[in-house]
Amino acid sequence: MEFYPVYLKFKGRNVIVVGGGEVAFRKVKRLLDYGAFVMAVAPVFTKEFSFFKQNKNFSMKIKEFDKKDIFDAFFVFAATDNMKVNIDVSEVSRKKGVLCNIADSSDRSDFILPSYVKRGSLVFTVSTGGKSPALARKIRQDLEKQYGDDYEIFIYLLGKIRTFVLKSESSSSENREKFRAFVFGNLLDYVKSKNLEGIKEEIGYILKDSVLAEKIMEILVKEKNDYFFGDGEKI
2 MEFYPVYLKF KGRNVIVVGG GEVAFRKVKR LLDYGAFVMA VAPVFTKEFS
52 FFKQNKNFSM KIKEFDKKDI FDAFFVFAAT DNMKVNIDVS EVSRKKGVLC
102 NIADSSDRSD FILPSYVKRG SLVFTVSTGG KSPALARKIR QDLEKQYGDD
152 YEIFIYLLGK IRTFVLKSES SSSENREKFR AFVFGNLLDY VKSKNLEGIK
202 EEIGYILKDS VLAEKIMEIL VKEKNDYFFG DGEKI
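Next up, the structure:
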């Protein structure tokens with residue numbers, strides 16, 4: 002079965018997770034990280050679920066699942082250790098017109114969750130369509146090694162630069178050349194080496210504007226101080 006790759010905005014959406022074990026816990030945590038309103042339904046929950054007690058976007062029902070639980074759901078996740086229950090959840094969801102993911106059963110799922118690597122706004126997703134989760138895991142680990150935390154800073158910086166460049170009076174073609182220069186030039190190397198002076202000079206050189214470079218640097222150091230200085234000196 003082929004799945005259509007897509008990114009979804011879960012912020013503010015109601016999502017139901019059926020299950021109270023380790024798999025359900027991981028799904029709840031991931032969904033909350035992306036801003037969803039999550040309700041978990043299960044007759045028994047592991048103690049790990051107390052981790053969400055203070056999260057206003059989380060609620061739980063200690064009961065068996067029934068069709069009323071997905072009344073206003075955006076998506077449903079069937080994550081119990083009982084496949085019959087998971088299939089029942091899926092069938093009820095489909096009748097309601099709600100897409101459902103069944104843990105460890107891509108063939109029975111309306112959508113799957115790919116393995117992923119996130120570095121700030123930079124996200125890589127890896128999927129084998131359920132054919133080899135082990136291979137997807139290996140590729141994810143390779144990506145984690147190749148694209149470290151410095152890429153989170155790099156993409157953040159590129160985003161700030163882009164915001165200022167698009168406000169300028171430069172033509173679209175000039176802007177494209179500037180963006181390419183930042184990506185293919187020395188900026189990433191300066192970020193990796195935490196060379197603030199090099200970053201500022203590179204920005205000023207490409208933009209031909211040292212004042213704007215200084216302004217961007219002030220924002221960068223303020224917002225990402227920990228990356229450059231760790232637990233030491235703060236600016």
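Numbering (the numbering used here), first residue to last: 2 to 236. Even for Gly, the Cβ is constructed at its ideal location relative to N, Cα and C.
Mapping the DSSP letters down to three states, classify Lys56 as helix, strand or coil. Note that residue 56 corresponds to Asn in the displayed sequence, not to Lys. Coil, per DSSP.
Would you check if the region 119 to 130 and the region 148 to 168 touch, i.e. whether three or more CB-CB distances between them fall below 8 Å? yes
Relative to the C-alpha of Tyr228, which candidate in Lys195, Tyr206, Ile217 and Val19 has its C-alpha closest? Lys195
Beta-carbon separation (whole angstroms), Leu159 vs Phe185, contact threshold 8 Å: Going by Cβ atoms, the distance from Leu159 to Phe185 rounds to 12 Å, so no, they are not a contact pair.
Within the same chain, show all residues whose beta-carbon is closer than 8 Å to that of Tyr29, passing over the 5 residues directly before and after it, in chain order. The amino acid occupying residue 29 in the given sequence is Val; Tyr does not appear at that position. These residues qualify, in order along the chain: Val18, Val39, Ala41, Phe50, Phe53 and Phe59.
Using alpha carbons as the reference points, say which of Ser172, Ala79, Thr164 and Tyr191 lies closest to Ile220. Thr164
Which listed residue (Phe66, Arg95, Asn15 and Ala25) has its alpha carbon closest to that of Ala80: Ala25
To the nearest whole angstrom, what separates the beta carbons of Lys12 and Ala37, a pair I think is in contact under 8 Å? 7 Å
Going by other Cβ atoms of all chains shown within 10 Å of its Cβ, with 16 needed for buried, is Glu198 buried or exposed? exposed
Relative to the C-alpha of Lys57, which candidate in Asp34, Phe66 and Phe72 has its C-alpha closest? Asp34
Within its chain, find whatever has a CB closer than 6 Å to the CB of Tyr62; leave out the 5 residues flanking it on each side and keep chain order. A small correction: the amino acid at residue 62 is Lys; Tyr does not occupy that position in the sequence shown. Within the same chain, Lys62 has close Cβ partners Val42.
Classification of Gly231 by the beta-carbon crowding that lies within 10 angstroms, buried from 16 upward: exposed
Rounded C-alpha distance that separates Val16 from Ala74: 5 Å
Please work out which residues of its chain come closer than 6 Å, Cβ to Cβ, to Asp111, disregarding the five sequence neighbours upstream and downstream, and give them in chain order. Leu100 and Cys101
Relative to the alpha-carbon of Asp82, which residue among Leu167, Gly22 and Tyr157 has its alpha-carbon at the smallest distance? Gly22
Quick check: what's the CA-CA separation for Val118 versus Arg141? 6 Å
Quick check on DSSP: helix, strand or coil for Thr126? strand
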